[in-house]
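Below is one structure; the comments refer to it alone.
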Amino acid sequence: MQEQHYSIVFRPSESVIAEIRDMKRQLAETGNYGSRNAEAHITVLEFFARENQIAIVERYMQDFASSVCNLIYRFDRYGSFPEKYTKENGVFYVAPTNESALLLDRLSAKFHEHFPLKGKVRAIPSGKPHMTIGRRLQQQRVDKAYEIFSAQTVEMECVCTLALRVKRINFPEQFKVMTEFEFTGEGEDFSGNRYSSIAG
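Per this note's numbering, the very first residue in the sequence shown carries number 802; after that it's consecutive.
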């Protein structure tokens, strides 16, 4: 059975997804770019797995989401950074407030701790939670993005779900949401020890 490429993300509310979609449309008026058609999200991790391994991942996600409370996350500025190993290496994004960034980092770290398929993990974000508008941008296009959005103040806030996505075979830039879980707990306590012994 062939492995597929999956990602687990914090998926924002539909209103924020729509706002980011419109920003992507505005940037696309200057030409096409990476992640043009990707839905807004905050990446938790990416991994490869066979279909028969997904049930344990979904069970872990459900347990995690039912143990952690739902919070409001705020995004208040634009940002950019270079993406390694590409000639067109700019990423332009919407960034959370410092407080929300700390909350998202802490939540991601808790999720990573007992993830049942650790040996299959392909990528974990580098501690800068964000929602990408465009990636694989040459520097002049990053500069152009700042120019386009300089008059648009970022004032977004949302709750998020925990979503599992699979990469669409014929659309290499896009993932399709398979399932998602609302955060329904009362704090940040999550004991995932029973998952730690599962081989990745």
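A virtual CB, placed ideally from N, CA and C, is assigned to each residue, including glycine.
DSSP three-state assignment for residue i, whether helix, strand or coil
i: Val955; result: coil
i: Val960; result: coil
i: Lys825; result: helix
i: Gly891; result: strand
i: Phe976; result: strand
i: Leu872; result: coil
i: Met802; result: coil
i: Ser808; result: strand
i: Leu918; result: coil
i: Phe752; result: No information on residue 752 is available, as it lies outside the stretch 802 to 1001 that the chain covers here.
i: Arg860; result: helix
i: Phe1002; result: The structure shown does not extend to residue 1002, since the chain is modelled only from 802 through 1001, so no value can be given for it.
i: Lys945; result: helix
i: Ala850; result: strand
i: Arg907; result: helix
i: Ile970; result: coil
Residue environment, residue i, which counts as buried when at least 16 other CB atoms sit within 10 Å
i: Phe824; result: One point to set straight first is that residue 824 is Met, not Phe, in the sequence displayed. Buried.
i: Ala866; result: buried
i: Ile843; result: buried
i: Gln827; result: exposed
i: Glu948; result: exposed
i: Pro883; result: exposed
i: Leu908; result: buried
i: Arg923; result: exposed
i: Phe811; result: buried
i: Glu830; result: exposed
i: Leu903; result: exposed
i: Glu840; result: buried
Inter-residue CB distance, residue i and residue j (contact presumed, cutoff 8 Å)
i: Ser901; j: Tyr874; result: 4 Å
i: Arg851; j: Met802; result: 4 Å
i: Ile809; j: Leu965; result: 6 Å
i: Val895; j: Phe876; result: 5 Å
i: Val869; j: Glu989; result: 6 Å
i: Asn871; j: Thr985; result: 7 Å
Residues that residue i bridges to, as DSSP identifies them
i: Phe882; result: Val892
i: Thr844; result: Val810
i: Leu965; result: Ile809, Thr980
i: Ala924; result: Glu847
i: Thr933; result: Tyr894
i: Gly835; result: Arg936
Is there contact here, the stretch 926-933 with the stretch 967-986, by at least three beta-carbon pairs under 8 Å?
The stretch 926-933, when compared against the stretch 967-986, does not touch it at the 8 Å Cβ threshold.
How do the stretch 934-945 and the stretch 809-820 stand: do at least 3 beta-carbon pairs fall below 8 Å, yes or no?
no
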